[in-house]
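Q: When the letters of the sequence shown are read in order and numbered with this note's numbering, they come out as residues 260 to 519.
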Amino acid sequence: MLVLLPPSEGKAASGRGAPLRTESLSLPGLNAAREEVLTELVDLCSGDEDKARDVLGLSEGLRGEVTKNRELRTAGARPAGEIYTGVLYDALDLASLDAAAKRRAARSLLVFSGLWGAVRVTDRIPSYRCSMGVKLPALGALGAYWRTPMAEVLPEAAGSGLVLDLRSAAYAAAWKPKGEVAGRTATVRVLHAPTRKVVSHFNKATKGRIVRSLLTAGAAPKDPAELVEALRDLGYVVEAAAPARAGAAWALDVLVDEVH
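1. Kindly indicate which residue of Ala510, Leu347, Gly506 and Val497 has the alpha-carbon position closest to the one of Asp516.
2. What residue ranges within the stretch 400–448 form continuous alpha helix (DSSP H) runs of no fewer than 4 residues, ordered along the chain?
3. Given a cut-off of 9 Å, decide if Arg322 and Leu374 are closer than it, judged by their beta-carbon atoms.
4. Determine the extent of the alpha helix (DSSP H) in which Lys297 is found, giving its start and end residues.
5. Are Thr444 and Pro483 closer than 9 Å when you measure CB to CB?
6. Kindly confirm or deny that the stretch 378–398 and the stretch 268–284 touch, where touching means at least three C-beta pairs closer than 8 Å.
7. State yes or no: is the C-beta of Leu353 within less than 9 Å of the C-beta of Leu263?
8. Can you tell which of Pro396, Pro265 and Gly340 has its C-alpha closest to the C-alpha of Val314?
9. My assumption, with CB atoms under 8 Å, is that Ala359 sits in contact with Gly477. Please give the rounded CB distance.
10. Quick check on DSSP: helix, strand or coil for Glu498?
11. Please name the residue, chosen from Asp512, Glu411 and Lys361, that lies closest to Leu450 on a Cα-to-Cα basis.
12. State the Cα-Cα distance for the pair Leu493 and Ala400, rounded to the nearest angstrom.
13. On a CA-only basis, which of Ala416, Glu439 and Tyr495 is nearest Trp240? Give me that one, please.
14. Measuring straight from C-alpha to C-alpha, what distance separates Ala505 and Ala441?
15. Pull the bridge partners of Pro278 from the DSSP assignment, please.
16. Within 10 Å of its beta-carbon, does Gly287 have 16 or more other beta-carbons around it, so buried, or fewer, so exposed?
17. Please state if the CB of Ser390 and the CB of Ala598 are separated by a distance shorter than 9 Å.
18. Quick check on DSSP: helix, strand or coil for Tyr343?
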């Protein structure tokens, strides 16, 4: 099982670990693209600060993020699972998983990123600010930039099993599973059961809890149909139907009574 996650906008501090080594990151086929984005981002943030804030979509109160990006090559690095924070990652709570569940997380979780493309939760990275929606002056929109390298690398990373896609739209734009891989991909919506409306903030928390439940239980569904059964066994209310055509992803609705 491969679980595709969005990053968090907020991130923990880099800390005092050894600095980034891009050659040590997972999915080495992305390294050339990572270096291009990293170089342009550092150069951008080393120049006109107001221009950098404008490109990155940062408010006056987030000027410190420009400084953070300027120092990416020398800042301390920590496992990505410690860097990413926010609602989904709070609910997932990687640090409190038992040893077996942590090993499953290391194998199965892949976090998408405007800067790194995608990383495993064990990959050591510095804290940064660069969303997939950013349009860098030379490389252009990052969602479009990442499509070619992702298309070359991600199908192999997906292996032959289930792909659980929990990304937001901006990050899903960087890689869309196709063909046979799409047929074993499942996307998830979280609906408030009484109103049948999509929840937003709480969508992230529910997705974090879903991933935690699967990791803790040691569930290993091989395809979307098995995922539906696994989630139901774990107490989730799931509605799903096989796609109408071959090569299309399954769409799962998880219904929650309490929005929290």
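Positions of the beta carbon are idealized from the N, C-alpha and C atoms, including for glycine. All values reported here derive from a predicted model rather than from experimental measurement.
A: For this structure:
1. Val497
2. 401–404, 406–417, 428–431 and 438–442
3. Taking 9 Å as the Cβ cut-off, Leu374 and Arg322 do not qualify as a contacting pair.
4. For the sequence presented, residue 297 should be read as Leu rather than Lys. Counting along the chain, the alpha helix (DSSP H) containing Leu297 begins and ends at Asn290 to Ser305.
5. yes
6. yes
7. No, they are not a contact pair.
8. Pro396
9. 7 Å
10. strand
11. Asp512
12. 39 Å
13. This structure does not reach residue 240, given that the chain is present from 260 up to 519, and the question cannot be answered.
14. Straight-line Cα distance between these residues: approximately 9 Å.
15. Gly335, per the DSSP bridge assignment.
16. Rather than Gly, the amino acid found at residue 287 in this sequence is Pro. The residue in question, Pro287, is exposed, as its Cβ has fewer than 16 Cβ neighbours within 10 Å.
17. Residue 598 lies beyond the stretch modelled for the chain, which goes from 260 to 519, so this question has no answer here.
18. In this structure, Tyr343 counts as strand in the three-state DSSP scheme.
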